[in-house]
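Note that the sequence shown covers residues -13 to 530 in my numbering.
Ideal Cβ placement from N, Cα and C applies to all residues, glycine included.
Small disclaimer: the values here were computed from a predicted structure and weren't measured.
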Amino acid sequence: MSSLVAAFCRVKPLPSTVHTPSSPSSSLKRCLTTFDLICYGVGCSVGAGVYSLIGIGAEITGPAISISFLIGGISCIFTSLTYSEFSARVPITGSAYTFVYVTFGELAAWLIGWNLTLGYGISSAGIARSWASYVTMFLKQFGVHVPMSWVALDLGLPSPGSAIAAILILVLSAILLAGVHESAKFNAAVTALNIAVLLLVISVGSFEVELSNWEPFAPEGVHGIMQGAGVIFFSYLGFDMVACLAEEVPDPQKNVPRGIIGSLLISMSIYVGVSLVVTGMAPVSVLGNQIPLVNAFEAHGLTWVCHIISFGSMFGLTTAAFTCLMGQPRIFYQMSKDVLDLHQFNLIGLLPPSLKRLHATTRVPYWSTIITGLMVAVIAYFFDLDFLANVISCGTLMVFTFVNAGVLELRFNAEVPNSVISFPLRNFSFVASSFFLSFSLVWSSHISLQIVSGLLVIVSFLSLLGGRPRPLSPKDAGAFQCPWVPLIPCLGIFCNVYMMSSLPLSAWLGVFVWMFLGMSVYLCYGMHHSVLRNTFAFEQSPLL
């Protein structure tokens, strides 16, 4: 049992993630600029969230879906600051998987990487399903009727089969194999077209807003708004995508934080603006959950705008699916490579070694990309976005909660003389008490229970203030640092936890089933092939 616990808690020393030398033939190609990163972040975010999730969220929240997007965005601002610090201090690919590995250990990192698969791979499948609906609508406007067997084939399952969605995933995977520089050009062009269409939606739609459509603005109250924020939350995954590209940026300590924060602010502005205008144009019952933007303009007879939206949506959903597909192989690459390039050991990593192989010319992890494309194409064929949205958002919120808590470990987890309670336990206490308070608020528990849980949150937060700051190394002195620690990470934790608590039970069950599968894979393969298990040079405890 002790050896099992030791395996779960193996922490990757931070210096090994930054200073390990690697030859050009074994590393990713560093060619992305800050502009490229912002385009990737916006492209990943502003897709399904604006073209489909507005309708899905509005059915839960009502016209107040714009407030849900605002709350989700503000919560992400807290998390983006912690992401920026991690990306500056650990400037390699892997995103939250790597961040958690250097703070909480191997098991937590594996489960976070597994959940990122939920956020990237499976969300790209759901986005592809939305793309199929929009492209069918667009072609129909010009008299081209796509056979229903290609769009929604009845398989006797909860969701119909969609061959068009699967084909899109395979085509985008082929583009990714061309190389990151070429992919960046494609993504920037498509993202620019998408933003232009959405600015048209805001400018034209604002003249068609009827105030009566906003009444009642929040029929389900605060609970409905927070549940809506939880449902649409995965639409803000774009800044995690930027962190995944850290190893492909010439100056990641500066450019990655700029890309993370810049892409988030742009995405949040677009979401709030579009959702506010669209819900003001037509009642929620008219918007529907498939093509809400088109339905809103059709209600006003603006057919020409519908044509443009249908055309633009194909670009927006294309770039969203494309960037999610780009992020997933890099998670697999990092889990297989496990950060290290130690030729003196016969090391495998947490996933099979084939997933870390790079193409000789393009420097793309080609096996990871191919396997991701095939896996996601199958999922895109069988499952639609409505079925997946809650599960993806719950998994994403869990990832972001770990990253916020990880920054607290990175900053404060140093030995304090005569300390009765260790800092990791204080950190855990704050997360647990935040869950306790959130559930008591969401489920309208007795006021005394809410007061007690609120006091626990305050006490656990104050205990974090007693942590001993970890001194910065010279290499980190000029890197981006999250301001107001521990307040900002704690706000991020509480916001994420509250939105998780607002999600339906089915979302939690879906995530637990997914994590059970991930735990099984780890116990059967990853734990026994870990780099840290086979390398005696690593110590368990120090991060710096």
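Sequence-distant residues of the same chain with beta carbon closer than 8 angstroms to residue i, five excluded per side
i	result
Val272	Asn281, Ala282 and Ala285
Val183	Ile294, Ile295, Phe297, Gly298, Ser299, Phe301 and Gly302
Ser570	The question about residue 570 has no answer here: the residues shown for the chain are numbered -13 through 530.
Tyr352	Leu163, Arg343, Leu344 and His345
Ile46	Glu206, Gly210, Gln213, Gly214 and Val217
Met361	Gly107
Cys380	Gly216, Met486, Leu489, Ala493, Trp494, Gly496 and Val497
Cys292	Gln127, Val280, Phe283 and Glu284
Those residues which DSSP pairs with residue i across a bridge
i	result
Gly147	Leu139
Buried/exposed call for residue i, threshold 16 Cβ in 10 Å
i	result
Trp470	exposed
Leu441	exposed
Trp429	exposed
Trp290	exposed
Ala232	buried
Gly287	exposed
Pro133	exposed
Ile150	buried
Leu394	buried
Val208	exposed
Glu196	exposed
Gly359	buried
Ser52	buried
Leu333	Low per-residue confidence applies at Leu333: pLDDT is 40, beneath 50, and the placement is therefore not dependable, though the value from the model is reported in the following sentence. Buried, because 16 or more other Cβ atoms sit within 10 Å of the Cβ of Leu333.
Ile378	buried
Ser420	buried
Gly464	exposed
Thr347	exposed
Pro475	buried
Gly142	exposed
Asp237	exposed
Ala160	exposed
Ser70	buried
Leu14	buried
Straight-line gap, residue i to residue j (C-alpha atoms, nearest Å)
i	j	result
Leu477	Pro243	19 angstroms
Gly29	Ala74	22 angstroms
Leu350	Asn241	Reading the sequence as shown, one finds Val at residue 350 and not Leu. So the alpha carbons of these two residues sit roughly 21 angstroms apart.
Ile317	His432	43 angstroms
Val389	Thr68	7 angstroms
Glu201	Gly129	37 angstroms
Ser459	Ser135	60 angstroms
Leu156	Gly452	52 angstroms
Cys468	Phe72	9 angstroms
Phe466	Tyr87	20 angstroms
Phe422	Asp22	41 angstroms
Ser66	Gly248	10 angstroms
Cys510	Ala391	28 angstroms
Gly259	Ile437	36 angstroms
Ile98	Ile108	15 angstroms
Gly544	Ala215	The question about residue 544 has no answer here: the residues shown for the chain are numbered -13 through 530.
Phe425	Asn482	12 angstroms
Gly313	Trp100	13 angstroms
Leu489	Thr382	12 angstroms
Gly496	Ala375	11 angstroms
Ala307	Phe414	35 angstroms
Ile356	Met384	27 angstroms
Val76	Leu186	39 angstroms
Beta-carbon proximity list for residue i, same chain, < 6 angstroms, skipping 5 on both sides
i	result
His167	Cys17
Gly81	Per the sequence shown, residue 81 should be read as Ser rather than Gly. Correct list, in chain order: Asp226, Ala229 and Cys230.
Ile256	Val32 and Leu184
Leu250	Cys62, Ser66 and Phe225
Cys25	Asn173, Ala174 and Thr177
Met254	Gly59
Arg412	Ser449 and Leu450
Ala94	Val86
Val121	Met300
Interface flag, residue i vs chain D, CB-CB below 8 angstroms
i	result
His286	This model lacks chain D altogether, as it is built from one protein chain only.
Cβ neighbours of residue i in the same chain (closer than 7 angstroms, five flanking residues each side left out)
i	result
Gly615	Because the chain spans -13 through 530 in this model, residue 615 falls outside it and cannot be assessed.
Leu125	Val132
Tyr319	Thr79, Leu341, Lys342, Pro351 and Ser354
Ser54	Gly43, Thr47, Ile211, Gly214, Ala215 and Ile218
Ser11	Reliability fails at Ser11, whose pLDDT of 49 lies under 50, so the model's placement of it is uncertain and the value that follows must be treated cautiously. Cβ within range, chain order: n/a, list empty.
Ser439	Ser419, Phe422, Leu423 and Ser426
What are the start and end residues of each continuous alpha helix (DSSP H) run of 4 or more residues lying completely inside the region 51 to 122, in chain order?
Those alpha helix (DSSP H) runs which fall completely within the region 51 to 122 and span 4+ residues are 51 to 75, 82 to 87 and 92 to 103.
Continuous beta strand (DSSP E) assignments of at least 3 residues falling wholly in the region 149 to 220:
Every candidate beta strand (DSSP E) stretch fails here, since none sits fully inside the region 149 to 220 while reaching 3 residues.
Any alpha helix (DSSP H) of 4 or more consecutive residues that is wholly inside the region 343 to 398
Whole alpha helix (DSSP H) segments, 4+ residues: 352 to 368 and 371 to 398.
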